[in-house]
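Protein chains in written order, with our numbering: chain E, -3 to 412; chain U, 271 to 365. To start, the structure under review is shown below, and the notes come after it.
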Amino acid sequence: MRYSGFRVIKEALTGHRGWGPAWRDADPKPEYDYVIIGGGGHGLATAYYLAKEYKQSRIAVLEKGWIGGGNVGRNTTIVRSNYLLDGNEPFYEFSLKLWETLEQDLNYNAMMSQRGIINLMHSDAQRDAYIRRGNAMILNGADAQLLDQKQVVEKYPFLNVKNARFPVMGGLLQARAGTARHDAVAWGYARAADQRGVDIIQNCEVTGFRIEGGKTRGVETSRGYIGAKKVGSCVAGSSSKVMAYAGMRLPIESHVLQAFVSEGLKPVLPGVITFGAGHFYCSQSDKGGLVFGGNIDGYNTYAQRGNLPMVEDVMEEAIAMFPMLGRARLLRSWGGIMDMSMDGTPIIDKTHIDGLYFNGGWCYGGFKATPASGFVYAHLLATDIPHDTATAFRLDRFHTGHMVDEKGMGNQPNLH
Amino acid sequence: MIINHPLLGPRDSSEFVYLGDACLLNRPDWQAEDALEQFIEYGHIRDNPAGLHRELWYHEQGDRSWLVVTRNTVTHEITSVELARDVALAEGRST
């Protein structure tokens, strides 16, 4: 069924009896050409692009719970491509271009809203760094604009620009960045993949790989053995757990990132805004809640909840930036588990085992990457060649020294 | 999280800095045949278990000791806290 304005009117007039499920709840078949482990945004996007762009068939997505129940449903919904390094920026810009046409492509309302992101700057040195970043973005075909204090105040009159310690001197604007409805991204990909014949198999946890003579034969699951010519892991947050079934150890630590939403407020925040003197990012959802987050807690964990010191830290940053928020109440906070890689950059690569592929290490930048991650992973799975925009995301870069360390922090995952 | 410091008693985890897996105590022998491979592993590759994890915490806001904390990464329950120095000595290291 195609969604359209006409369809909405027709269903409204006929008692909404014609809406069917958006995707089939498929049962596993004995064998597939491609098995994607993980029914999150990236896994579903991978299956969709495998079917659509690379004309592959017999594809299954295996999800241990329900689709979209992991990090794609837990993030702060920001979509942007304001990266610096050559290994990253072309990939994220490719992703942003896919975001711009995603809803038409999927025939699904993902509430993509290009409301712009401003990274605030608080020192001369930071201005220099942002000019450099902006130029790198423009060189890679993205958009970037340097704003002075007056231009920032025009958009955000309530900012505490005269803060004695962290005055706001201006900002780096990416006008094409914005937000998207996170759950709808998973659902949209699921529906579009399903329409192209992909089996989306929920409540199906992978418990092992069947590997014979260095070649992948299939996966053991809680719903029985499923044969596969190629298996792609796409389970960021749990990558170490799943790849351990194949005897692999990864350059990854799992960490918790907390996110927060305030009570619903009238529209105050027209775009996405980040605090340059710390790590804090905030936007306002269409329901009115301010959605924001900060740093990861900083210790290895698989618990989808964080601790209070980071809550306090994030709130301090919020108040430093928006003193007016002091009266707003916090509605909810939650946590998601991140694959924190050793250089802060994802991995999309083949493994040393024939037919086994790995996508992970997204740190906390996975949501914006969803379309491109799916596209380039599908490219790799179908052709065995990395996509042009993803050649830097190699698994062996820690051996060869070709790390992609956007923040220049070194191999300390909790600093990325 | 409360870390029960062996010398100072229970302290809030926010007084500490987290480094990572306690395997970092065992720096490879730089003269070994496969030293390069061992250092790549030492610097980058981790078990990252869901469950008991031995890890290094530094009491930066306190006595500046390094601790080996055994903590469950699923529940955050801490089952043992040792001075990293004691752990290293017990493993035969000189310091």
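The C-beta atom is built at its ideal place from N, Cα and C for all residues, glycine as well.
- Close CB contacts of F394(E) within its chain, under the 7 Å cut and outside five residues either way in sequence, are with P247, M338 (chain order).
- In this structure, C230(E) keeps its C-beta atom at 8 Å or more from the C-beta atom of I63(E).
- Between L168(E) and Y221(E), the gap from beta carbon to beta carbon reaches 8 Å or more.
- Beta-bridge annotation (DSSP): A224(E) is paired with Y28(E).
- Counting along the chain, no alpha helix (DSSP H) covers P280(U); the unbroken beta strand (DSSP E) around it starts and ends at 279 to 282.
- Taking a C-beta cut-off of 8 Å against chain U, none of the residues of the segment 353 to 374 of chain E qualify.
- At least one beta carbon of chain E lies nearer than 8 Å to the beta carbon of H323(U).
- The residue from K48(E), S77(E), A41(E) with its alpha-carbon nearest to that of W183(E) is A41(E).
- Chain-ordered, the chain U residues with CB closer than 9 Å to the CB of S236(E) read R316, D317, N318, P319, A320.
- DSSP places D291(U) in the uninterrupted beta strand (DSSP E) bounded by 287 to 291.
- Among the residues of chain E, none has a CB under 9 Å from the CB of G332(U); the nearest is roughly 15 Å distant.
- The CB of H395(E) comes closer than 7 Å to the CB of I310 in chain U, given here in chain order.
- Of all alpha-carbon atoms in E308(E), R219(E), K211(E), the one lying nearest the alpha-carbon of T203(E) is that of R219(E).
- The bridge partners DSSP lists for R70(E) come to none.
- Between the alpha carbons of P319(U) and Y298(E) lies a gap of roughly 9 Å.
- The beta carbon of Y328(U) sits no closer than 8 Å to any beta carbon of chain E.
- Assigned with DSSP and collapsed to three states, E303(U) falls in coil, not helix or strand.
- Around the beta carbon of S364(U), a 10 Å sphere encloses fewer than 16 other beta carbons of the protein chains shown; the residue is thus reported as exposed.
- Taking 7 Å as the upper bound on Cβ-Cβ separation, chain E lies near residues Y288, G290 of the segment 286 to 298 of chain U.
- Taking a Cβ-Cβ threshold of 7 Å, the residues of chain E close to V344(U) are Y298, A299, in chain order.
- For S281(E), the secondary structure class from DSSP, reduced to helix, strand or coil, is coil.
- For E249(E), the nearest CB of chain U lies under 8 Å from its own CB, placing it at the interface with that chain.
- Beta-bridge pairing by DSSP links T175(E) to I74(E), S109(E).
- Using a Cβ distance threshold of 8 Å, L391(E) and F363(E) do not count as a contacting pair.
- A residue is called buried once 16 or more other Cβ atoms fall within 10 Å of its Cβ, and T341(E) is buried on that count.
- Contact annotation: in the segment 304 to 326 of chain E, residues whose CB is within less than 8 Å of a CB in chain U are P305.
- Looking at the backbone, the Cα of K262(E) and that of F318(E) are separated by about 15 Å.
- In this structure M244(E) is not in contact with T387(E), their Cβ atoms being roughly 21 Å apart against a cut-off of 8 Å.
- Of the candidates G332(E), A365(E), I343(E), A255(E), the residue whose Cα lies closest to the Cα of A314(E) is A255(E).
- Of the candidates D317(U), S350(U), V357(U), T349(U), D317(U) places its Cα closest to the Cα of Y241(E).
- When DSSP states are grouped into helix, strand and coil, E311(U) belongs to the helix group.
- Within chain E, the residues placing a beta-carbon under 7 Å from that of S284(U) are P305, ordered along the chain.
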